[in-house]
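Q:
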Amino acid sequence: MNKSTLALAVAVGVMAQQAGAAGFIEDSKATLGLRNFYINNDNRDSAANSPANKRNGVQSKNEEWGQGFDLRFISGYTQGTVGFGIDAIGLLGVRLDSGGGTNGATSTSYGGTVFPSKSNGEAVDNFSSLGLTAKAKISQTELKLGTLQPKNPVIVTNDGRLLPQTWQGGQITSGEIKDLTLVGGQIEHVKGRNSSNNEQLSIGGATARTTNSNKFIYAGGDYKITKDLTAQYYYGNLENFYKQHFLGLVHNWSIGPGVLKSDFRYFNSSDDGRNGNDSDYFSNGAYGNSTLGNGKGKVDNNLYSGLFLYTVAGHTFGGGYQVSNGSSDFPWLNQGDGSSNYTITDMQIQKFNRAGERTWQARYSYDFAKVGVPGLTAGMVYLRGDNIDTYGSRVQTSNGASEWERDLTVAYVVPEGPLKNVGFMWKNATWRNDIAGQRDQDENRLILSYSIPLL
26 MNKSTLALAV
36 AVGVMAQQAG
46 AAGFIEDSKA
56 TLGLRNFYIN
66 NDNRDSAANS
76 PANKRNGVQS
86 KNEEWGQGFD
96 LRFISGYTQG
106 TVGFGIDAIG
116 LLGVRLDSGG
126 GTNGATSTSY
136 GGTVFPSKSN
146 GEAVDNFSSL
156 GLTAKAKISQ
166 TELKLGTLQP
176 KNPVIVTNDG
186 RLLPQTWQGG
196 QITSGEIKDL
206 TLVGGQIEHV
216 KGRNSSNNEQ
226 LSIGGATART
236 TNSNKFIYAG
246 GDYKITKDLT
256 AQYYYGNLEN
266 FYKQHFLGLV
276 HNWSIGPGVL
286 KSDFRYFNSS
296 DDGRNGNDSD
306 YFSNGAYGNS
316 TLGNGKGKVD
326 NNLYSGLFLY
336 TVAGHTFGGG
346 YQVSNGSSDF
356 PWLNQGDGSS
366 NYTITDMQIQ
376 KFNRAGERTW
386 QARYSYDFAK
396 VGVPGLTAGM
406 VYLRGDNIDT
416 YGSRVQTSNG
426 ASEWERDLTV
436 AYVVPEGPLK
446 NVGFMWKNAT
456 WRNDIAGQRD
466 QDENRLILSY
476 SIPLL
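This note's numbering applies: residue 26 is where the sequence shown begins, and numbers increase by one.
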């Protein structure tokens, strides 16, 4: 039994003795989240969906449709100086269709786009998981052990498919000091958004299924300097892969009838342990002269970005710029089965953080509540990146390689009536590039969601 499991068992035992205490039940909440999810990804310039190409993970189209169930219980705390509680999350994904076998690449054990795959490459009929979290609270400090869904600059939980990603570990959060929030934790395993199994941790470029780590530590804080200005510092370390420092500054400034938000971010990432000398642990990047000759090497990246958003009368106009300097791509926790990071370029299809890449973006969104249609929103983001040095598919990418992506989103949440809080969303993305070994993509997602309060 590992330390996290033992600690969880002890905490549950303590809570069992105190569960009748006021607060544990009275403050508990339970919800059932329903998500109907359809995705169609058209790889514009790839081969047809022949059996041979499917076995090799080369398909012209990925298409899946499913129904997700997300049942959550969040307890209150027992009375006393130290309060105890327990949270639970139960996830179930049911396949409705997998597009006649076009359920994503199946030459690896990562599964399809939405569902895990059987040994013959077909999508499973359903998949599920259960997560428990023991928690304790004293004053404004909270400890959690078990299933987590952290979100901060060095670790971000992905929720871009039928079911969300979850992590296993421990986290402590403290708000004892006015205007300062501190957080620290350690993660041992991750459960992908298309999986029922816990996995160890890795990065893009490594031999992720055989080369991994079960120790990611993180710590940091947000300090509210004024009501409109927040400073951030976070540190993350994936053992034997990389160390990462983050600095952030967010400011809101009232200008005329609107508000200008500025968001500055800086990441400094370097190698850790075996990443510096063991090719199985290497990152993707611009390493054409490496002993492997395939664009892999140790983590070496500095990423700078700034994003400006001006909101007025329902309109939000935005623009931003990001530079990825160094020999490697920007590193983050990435097992190859879908992940997110805290960059201003983490889009529907691509991330725009390859070695050497410079990216500018423009955004616009509108809240139709301003014209009498509450619940309806729409938005567009366009990004263009160039100066890409990263190798692709063991083929050298010439300096100046480029890519662009355009994302459109239309969403509506019913504000009242029998269907109140039912949500509809359409997400469309187009990606084009001249990067060696990469395929253009068009993608559509249709999402129907509803949350039912049970307690």
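Don't be surprised by glycine CBs; every beta carbon is placed ideally from N, CA and C. Remember, it's a predicted structure, so these values are computed and weren't measured experimentally.
Within a Cβ cutoff of 7 Å, which residues of the same chain sit near residue 481, ignoring the five residues on either side of it in sequence?
A: Only positions 26 to 480 of the chain appear in the structure, and residue 481 is not among them; the question remains open.
Q: In chain order, what residues of the same chain have a beta carbon less than 6 Å from the beta carbon of residue 197, not counting five sequence neighbours either side?
A: Start at 1 with the first residue of the sequence shown, and residue 197 comes out as number 172. Within the same chain, residue 197 has close Cβ partners 168, 209.
Q: Between 474, 245, 457, 473, which has its C-alpha nearest residue 467's C-alpha?
A: Residue numbering aside, residue 467 sits at position 442 when the sequence shown is read from its first letter. Per the Cα distances, 457.
Q: For residue 194, collect the residues of the same chain with a Cβ closer than 7 Å to its Cβ; drop the 5 residues on either side in sequence, then sort them by chain order.
A: Here residue 194 is taken as the residue at index 169 of the sequence shown, counted from 1. Cβ neighbours of residue 194 beyond the five flanking positions: 29, 173, 210, 211, 212, 213.
Q: For residue 325, collect the residues of the same chain with a Cβ closer than 6 Å to its Cβ; drop the 5 residues on either side in sequence, then sort them by chain order.
A: By one-based count along the sequence shown, residue 325 stands at place 300. Closer than 6 Å at Cβ, skipping near neighbours: 351, 352, 353.
Q: Just verifying my parser: in three-state terms, what is the DSSP assignment at residue 63?
A: As a working mapping, residue 63 is identified with position 38 in the sequence shown. Here residue 63 sits in strand by DSSP.
Q: Beta carbon of residue 238, beta carbon of residue 265: below 7 Å?
A: Position 213 of the sequence shown, counting from 1, holds the residue named residue 238. Position 240 of the sequence shown, counting from 1, holds the residue named residue 265. Judged by beta-carbon spacing, residue 265 lies within the 7 Å limit of residue 238, meaning their Cβ atoms are closer than that value.
Q: Less than 7 Å between the beta carbons of residue 342 and residue 389, yes or no?
A: Within the sequence shown, numbered from 1, the residue matching residue 342 stands at position 317. Within the sequence shown, numbered from 1, the residue matching residue 389 stands at position 364. Cβ distance < 7 Å, so residue 342 and residue 389 count as in contact.
Q: Of the choices 286, 243, 272, whose alpha-carbon is the least far from that of residue 278?
A: Position 253 of the sequence shown, counted from the first residue, corresponds to residue 278. It is 286 whose Cα lies nearest to the Cα of residue 278.
Q: Looking at the structure shown, is residue 290 part of a helix, part of a strand, or coil, going by DSSP?
A: For the purposes of this step, residue 290 is identified with residue 265 of the sequence shown, where counting begins at 1. In this structure, residue 290 counts as strand in the three-state DSSP scheme.
Q: Please name the residue in 322, 159, 344 whose C-alpha comes closest to that of residue 99.
A: Sequence index remark: in the sequence shown, residue 99 carries index 74 (1-based). Checked all of 322, 159, 344; the closest Cα to residue 99 is 159.
Q: When the Cα of residue 413 is compared with those of 89, 240, 310, which residue comes out closest?
A: Numbered from its first residue, the sequence shown carries residue 413 at position 388. When each option's Cα is compared against that of residue 413, the closest is 310.
Q: The beta strand (DSSP E) with residue 399 in it runs from where to where?
A: Start at 1 with the first residue of the sequence shown, and residue 399 comes out as number 374. Counting along the chain, residue 399 falls outside any beta strand (DSSP E), and DSSP gives it neither H nor E.
Q: Identify which residue in 379, 290, 275 has its Cα closest to the Cα of residue 312.
A: Reading the sequence shown from its first residue, position 287 is the one you call residue 312. Closest option to residue 312, Cα to Cα, is 379.
Q: Based on the DSSP output, what are the partners of residue 389 in its beta bridges?
A: Reading the sequence shown from its first residue, position 364 is the one you call residue 389. Answer is 342, 405.
Q: Which of helix, strand or coil does DSSP assign to residue 220?
A: Here the question's residue 220 lines up with position 195 in the sequence shown. Note: residue 220 maps to coil in three-state DSSP.
Q: State the start and end residues of the unbroken beta strand (DSSP E) segment that holds residue 118.
A: For this step, residue 118 is matched to residue 93 along the sequence shown. In the DSSP assignment, residue 118 falls within the beta strand (DSSP E) that extends over 108-122.
Q: Which of the three DSSP states, helix, strand or coil, is assigned to residue 419?
A: The residue you call residue 419 lines up with position 394 of the sequence shown. Summary for residue 419: the model assigns pLDDT 48, below 50, so the residue's position carries little reliability; its value from the coordinates is reported in the next sentence. It is coil, neither helix nor strand.
Q: Taking only three categories from DSSP, how would you classify residue 300?
A: As a position in the sequence shown, residue 300 is number 275, starting the count at 1. Residue 300 falls in the helix class under three-state DSSP.
Q: Please return the same chain residues whose Cβ sits closer than 8 Å to the Cβ of residue 439, not counting the five positions on each side in sequence.
A: Taking the sequence shown and counting its residues from 1, the one referred to as residue 439 is at position 414. 400, 445, 446, 447, 448.
Q: Straight-line CA distance for residue 236 to residue 144?
A: To locate residue 236, count along the sequence shown from 1; it is residue 211. To locate residue 144, count along the sequence shown from 1; it is residue 119. Going by the C-alpha atoms only, they are around 22 Å apart.
Q: Give every residue of the same chain whose Cβ lies closer than 8 Å to the Cβ of residue 192, excluding the five residues on either side of it in the sequence, and list them in chain order.
A: Along the sequence shown, read from residue 1 onward, the residue named residue 192 stands at position 167. Only 172, 173, 174, 175, 180, 182, 212, 214, 215, 216 meet the Cβ criterion.
Q: From residue 101 to residue 429, what distance separates their C-alpha atoms?
A: Reading the sequence shown from its first residue, position 76 is the one you call residue 101. Reading the sequence shown from its first residue, position 404 is the one you call residue 429. One C-alpha to the other measures close to 47 Å.
Q: Roughly how many whole angstroms lie between the Cα atoms of residue 362 and residue 137?
A: Walking along the sequence shown from the start, residue 362 turns up at place 337. Walking along the sequence shown from the start, residue 137 turns up at place 112. Rounded to whole angstroms, the gap between the alpha carbons of residue 362 and residue 137 is 9 Å.
Q: DSSP state of residue 461, grouped into three classes?
A: If you number the sequence shown from 1, residue 461 lands on position 436. In this structure, residue 461 counts as coil in the three-state DSSP scheme.
Q: Who are the near neighbours of residue 254 in its chain, counting only those whose CB is closer than 6 Å to its CB and skipping five residues on each side?
A: In the sequence shown, residue 254 corresponds to position 229, counting from 1. For residue 254, where only same-chain residues beyond five positions count, the Cβ hits under 6 Å are 276.
Q: Residue range of the beta strand (DSSP E) that residue 326 falls in?
A: Taking the sequence shown and counting its residues from 1, one reaches residue 326 at position 301. Per DSSP, residue 326 is one residue of the beta strand (DSSP E) stretching across 325-337.
Q: Return the bridge partner residues of residue 98 from the DSSP annotation.
A: Against the sequence shown, residue 98 aligns to sequence position 73. Partner(s): 55, 113.
Q: Quick one, are the C-beta atoms of residue 54 and residue 67 less than 7 Å apart?
A: Taking the first residue of the sequence shown as position 1, residue 54 is located at position 29. Taking the first residue of the sequence shown as position 1, residue 67 is located at position 42. No, they are not a contact pair.
Q: Suppose you measure from the CA of residue 206 to the CA of residue 150; what does that come to, to the nearest Å?
A: Here residue 206 corresponds to residue number 181 of the sequence shown, with the count starting at 1. Here residue 150 corresponds to residue number 125 of the sequence shown, with the count starting at 1. Taking the straight line joining both Cα atoms gives about 43 Å.
Q: If you compare alpha carbons, which of 323, 291, 294, 290 is closest to residue 303?
A: Here residue 303 refers to the residue found at position 278 when the sequence shown is read from its first residue. Checked all of 323, 291, 294, 290; the closest Cα to residue 303 is 323.
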